[in-house]
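**Student:** Which chain is which? The protein sequence lines are A and B, in order.
When we follow my numbering, the leftmost residue of the first sequence carries the number 10, and every step to the right adds one.
When we follow my numbering, the leftmost residue of the second sequence carries the number 5, and every step to the right adds one.
Backbone N, C-alpha and C define an ideal beta-carbon position, used for all residues, glycine too.
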Amino acid sequence: MKFVDEFRNQEIAKGLIEKIKEVSTRPIQLMEVCGTHTVSIFRYGIRGLLPEQIRLISGPGCPVCVTPNSDIDFAIALCRQKDVILTTFGDMMKVPGSTSNLQKEKAEGKDIRIIYSSLEALRTAKENPGKKVVFFAIGFETTSPTIAVAILRTKEMGIPNLFFLNSQKRIPPALFALLQSTQIKIDGLILPGHVSAILGTAPYQFISKEFSIPAVITGFEPLDILQGIWMLVRQIEKNRPEIEIQYKRIVKKEGNPLAMEKIEVVFEKADGHWRGIGRIPESGYRFKEAFQAMDARVFKVEVEPLKEHPECLCGEVLQGIKTPLECRLFKKVCHPENPIGPCMVSIEGTCHTYFKFYQP
Amino acid sequence: MPEDKILLAHGSGGKLSHDLIQKLFLPLFLNPFLEPLDDSAEIPNQKERLAFTTDSYVINPLFFPGGNIGRLAVCGTVNDLSMKGAIPSYLSLSLIIEEGFSIELLKKIISSIHITAEEAGVKIVTGDTKVVEHGAADQLFINTAGIGSIKEGTKLSGKNARPGDGILLNGHLGDHEMAVLSQREGFKFQEELKSDCAPLNDLVRKMLDVCPAIRCMRDPTRGGLATTLNEIASMSNVGMVIEEEKIPVRESVRGISELLGLDPLYLANEGKLIAICPPDVENHLLDTMKAHPLGKDAQIIGRVTEENAKKVVLKTLIGGHRILDMLTGGQYPRIC
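1) Arg326 (chain B) CB to nearest chain A CB: under 8 Å?
2) When you compare the region 128-148 of chain B with the region 277-290 of chain B, are there three or more beta-carbon pairs, one atom per stretch, that lie closer than 8 Å?
3) Given this structure, state the Cα-to-Cα distance separating Lys27 (chain B) from Glu137 (chain B), to the nearest angstrom.
4) Taking the CB atoms as reference points, tell me whether Phe16 (chain A) and Glu357 (chain A) lie closer together than 8 Å.
5) Could you name the residues of the same chain whose beta carbon sits closer than 8 Å to that of Met5 (chain B), not counting the 5 residues immediately before and after it, in chain order?
6) Are Val135 (chain B) and Glu156 (chain B) touching if we call contact CB-CB under 8 Å?
7) Give the range of the alpha helix (DSSP H) segment to which Arg249 (chain A) is assigned.
8) Would you report the Cα separation of Ile63 (chain B) and Gln187 (chain B), rounded to the nearest angstrom?
9) Under DSSP, the alpha helix (DSSP H) around Gly243 (chain B) begins and ends at which residues?
10) With a threshold of 7 Å on Cβ separation, who are the neighbours of Asp312 (chain B) within its own chain once the five nearest residues in sequence on each side are excluded?
11) Take the Cβ of Asn347 (chain A) as the centre, count every other Cβ of all protein chains shown within 10 Å, and call the residue buried at 16 or more, exposed below.
12) Rounded to whole angstroms, what's the CA-CA distance from Pro223 (chain A) to Gln189 (chain A)? Just pull it up for me.
13) Taking Cβ-Cβ distances below 7 Å as the criterion, which residues of the region 145-177 of chain A are in contact with chain B?
14) Here's the rule I'm using: 16 or more other beta-carbon atoms within 10 Å means buried, otherwise exposed. How should Tyr61 (chain B) be labelled?
15) Along the chain, where does the beta strand (DSSP E) containing Ala121 (chain B) start, and where does it finish?
16) When you check each C-beta in the region 13-37 of chain A against every C-beta of chain B, which residues fall closer than 8 Å?
17) Starting from the C-beta of Met239 (chain B), find all residues in its chain whose C-beta is less than 6 Å away, skip the five residues before and the five after it, and write them out in chain order.
18) Against chain B, with Cβ distances strictly below 8 Å, would Gly106 (chain A) count as a contact?
19) In the DSSP assignment, find the alpha helix (DSSP H) that holds Arg75 (chain B) and state where it starts and stops.
20) Output the distance between the C-alpha atoms of Ala183 (chain B) and Arg35 (chain A), rounded to the nearest integer angstrom.
21) From the DSSP output, in three-state form, read off Asn78 (chain A) for me.
22) By the criterion of Cβ-Cβ separation under 9 Å, what are the contact partners of Thr231 (chain B) in chain A?
23) In terms of residues, what are the limits of the alpha helix (DSSP H) holding Pro181 (chain A)?
24) Quick one: what's got a C-beta closer than 7 Å to Ala183 (chain A)'s C-beta in the same chain, skipping five residues either side?
25) So what does Lys9 (chain B) bridge to, in DSSP terms?
26) Would you give the residue range spanned by the alpha helix (DSSP H) that Val214 (chain B) belongs to?
27) Which whole runs of the beta strand (DSSP E) in the region 271-355 of chain A are 3 residues long or more, in chain order?
28) Anyone know if the C-beta pair for Lys276 (chain B) and Pro203 (chain B) falls short of 8 Å?
29) Determine the chain B residues that contact Arg122 (chain A) at a beta-carbon separation under 9 Å, and present them in chain order.
30) Based on the DSSP output, what are the partners of Val317 (chain B) in its beta bridges?
31) Assign Tyr138 (chain A) to buried or exposed, taking buried as 16 or more other Cβ atoms, counted over all protein chains shown, within 10 Å of its Cβ.
32) Please list, in chain order, all residues of the same chain as Ile168 (chain A) whose beta carbon is under 6 Å from its beta carbon, the five residues on each side excluded.
33) Could you check the C-alpha separation between Ile81 (chain A) and Gly324 (chain B) for me, to the nearest Å?
34) Would you be able to state if there are at least three C-beta pairs under 8 Å between the region 240-255 of chain A and the region 191-209 of chain A?
35) Where does Val285 (chain B) sit, in a helix, a strand or coil, going by DSSP?
36) For Ala305 (chain A) and Phe172 (chain A), which I take to be in contact (beta-carbon distance under 8 Å), what is that distance rounded to the nearest angstrom?
Structural data, given as structure tokens:
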């Protein structure tokens, strides 16, 4: 397959692993921030190819996993209204709320529709003028521009019955919070490729400047990841932390200003609530005044009291403090058919990846 | 009123049922076993061991590139018999039709069943038609059961794999599930993607003729290659090492899998088989498979091992290793 096979070549992989071994002199821990990286690392057996002294830790980078329980409960309360059609991405269906999930609600007859693009929500709203259509908007910076565009279009077209339950998150403030909490030692960060295609390098500068930690924006193919790791090890060994781009074929230093502008027109920064982690300053968005009429949070609905499974370790797993193997529920009670926490739901959730690929 | 739709009365056992049988089914399927139209078909007693299997088909959409529910209903059951090394002879055909279903489409499907049965050399010897109210079924469901005879000396079982054995696959993975999915979701490809839906009994017969020592055969349908290999590894209490670069997957299937986050090793197939055989005959078996139209892309994809009992290890494209587990959770529903 063109543009993919080139990045899965065994000979080049061997060469990169040799180069990593040459420069690596001491034990280090690297965190891959993004769930797509975690999947790729497991899928291609990258951990087993690296020298033992390089340890990879999975981070918080799956938007499904970090959506707080309270937002799932709010979505459930919304879909229980007779005149509401709830639209969302497929991965959200199984995420457990306090006592229910969207899949169960759908089975009981609530009108919940899976869509692949936020623009499909517009079509649903136009086709159902007698209903209130709510789009459960989750995602990181990669998705936010498309949601912003959907909101701008809704306003332009004067669609009166489309609302957005906004639970989007911003990655850089979450990384700031993560590095500030000194619970684990991180020697280098493998930064997400596609989020960075929007952001560029500027929002990450604090990582090297304030925390003196090297970071490399990395692509998702196995050779991308190996090259990214090599660049990180090189920075660590030379003790010269900076923000480098490995994924140059997609990511520009300045990011995508047009996409950023769309986000800024519609949203302003606000505190974000991350499941299992809590409130992180400026890690979310709220509607600017001109768009507040589309905010689904204005609906007066009765939301059930918040309940989390006391033994679920998703919060610690998302921060890289614990691995799924340390969770008492993992594989025993919690598995993809019966997920207790969100990290077991998403195909890019750390627990799901461990479940699928990891065997001692 | 012109009869262009199936009515409840078509399944009531009365005049319309009778007409449907006489005009649609019998002209195509007529054979000495079916012809008496008694409550059961009478089949001569055979000396050889019999294989007996059944399967229901609920695929949506009914028509997809490379086949339809009718062709699938014959191939699926013929292939299940073939995987036991049986020569398929007789099928039953049972239809559950939703009221209002188009008679024109039903004719097309019945005709396809007829053509596929001829292709596989099997006879439809008994059948049944039920019609249910609108909404009680989705268009058309089909059940087929099949009987075949197993030759003296053939002994295929998922319990028979031994360390050192070669693992062979007859061609590209994932064509069926991806063709169905793309039809349902409206994906377009540069190269036309077709289901691999085909009766494997002729290929199997040739394989067993040249290599009676084959230990095990399975068709990787729902759950795909990964799930089927895990089943065999578990039943035989052995390990397996599979090489990712040896597994044939079409460009289009790989491309759309990348986009949707699917893994071709878990996609359903309807014309694929896995054969496990002793190492000294594997090359001969591979040549035999390659000489057959349904095996021209065959590959030896891996080997049975003593270590890692009940586990399948995948050697990845870049040389790493990982466990290839069974399918957990569904990929997509109603693909067969």
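**Tutor:** Concretely, from the data shown:
1) It does: the Cβ of Arg326 (chain B) has a partner Cβ on chain A nearer than 8 Å.
2) Contact between the region 128-148 of chain B and the region 277-290 of chain B is absent: fewer than 3 CB-CB pairs across the two stretches fall below 8 Å.
3) Computed Cα separation, rounded: 23 Å.
4) For Phe16 (chain A) and Glu357 (chain A), no; Cβs fall outside 8 Å.
5) Low per-residue confidence applies at Met5 (chain B): pLDDT is 41, beneath 50, and the placement is therefore not dependable, though the value from the model is reported in the following sentence. Its chain contains no residue whose beta carbon lies nearer than 8 Å to that of Met5 (chain B) once the 5 sequence neighbours on both sides are disregarded.
6) No, Cβ-Cβ distance for Val135 (chain B) and Glu156 (chain B) is not below 8 Å.
7) Where Arg249 (chain A) is concerned, there is no enclosing alpha helix (DSSP H), given that its DSSP letter is neither H nor E.
8) Rounded to the nearest angstrom, the two C-alpha atoms are 12 Å apart.
9) Note, Gly243 (chain B): premise wrong, no alpha helix (DSSP H); beta strand (DSSP E) at 243-247.
10) Residue 312 (chain B) is actually Asn in this sequence, not Asp. Around Asn312 (chain B): Gly243.
11) Under this definition Asn347 (chain A) is an exposed residue.
12) Going by the C-alpha atoms only, they are around 15 Å apart.
13) Residues: none.
14) With 16 or more other Cβ atoms within 10 Å, it is buried.
15) First-last for Ala121 (chain B): 107-124, but that is the alpha helix (DSSP H), not the beta strand (DSSP E).
16) Against chain B - using a Cβ distance shorter than 8 Å - the residues of the region 13-37 of chain A are Val13, Arg17, Asn18, Gln19, Ala22, Lys23.
17) If we look at Met239 (chain B) and ignore the five residues flanking it on each side, its Cβ neighbours are Gly162, Lys163.
18) No, because no Cβ of chain B sits closer than 8 Å to the Cβ of Gly106 (chain A).
19) Where Arg75 (chain B) is concerned, the enclosing alpha helix (DSSP H) stretches over 73-86.
20) Distance between Ala183 (chain B) and Arg35 (chain A), taken at the CA atoms: about 50 Å.
21) Note: Asn78 (chain A) maps to helix in three-state DSSP.
22) Chain A residues near Thr231 (chain B): none, gap ~13 Å exceeds 9 Å.
23) For Pro181 (chain A), the enclosing alpha helix (DSSP H) stretches over residues 180-189.
24) By the criterion of a C-beta distance shorter than 7 Å, Ala183 (chain A) is surrounded in its chain by Pro69, Trp283, Ile289, Ser292, once the five residues flanking it on both sides are discounted.
25) Note: Lys9 (chain B) is bridge-paired with B:Ser106 in the DSSP secondary-structure output.
26) Run containing Val214 (chain B): 205-214, per the alpha helix (DSSP H) assignment.
27) Taken in chain order, the unbroken stretches of beta strand (DSSP E) that lie wholly in the region 271-355 of chain A and span 3 residues or more are 276-283, 287-296.
28) Contact: no.
29) The premise fails here: Arg122 (chain A) is roughly 15 Å from chain B at the closest Cβ pair, so nothing lies under 9 Å.
30) DSSP output for Val317 (chain B) lists B:Val245, B:Ile327 as bridge partner(s).
31) Looking at the sequence itself, residue 138 (chain A) is Pro, so the reference to Tyr does not match. When all chains shown are included, Pro138 (chain A) counts as exposed.
32) So the list reads Ala134, once near-sequence residues are dropped.
33) Taking the straight line from one Cα to the other gives about 38 Å.
34) Yes: the two stretches touch, three or more of their Cβ pairs being nearer than 8 Å.
35) Val285 (chain B) sits in a helix when the DSSP states are folded into three classes.
36) Indeed they touch by this definition, with Cβ atoms about 4 Å apart.
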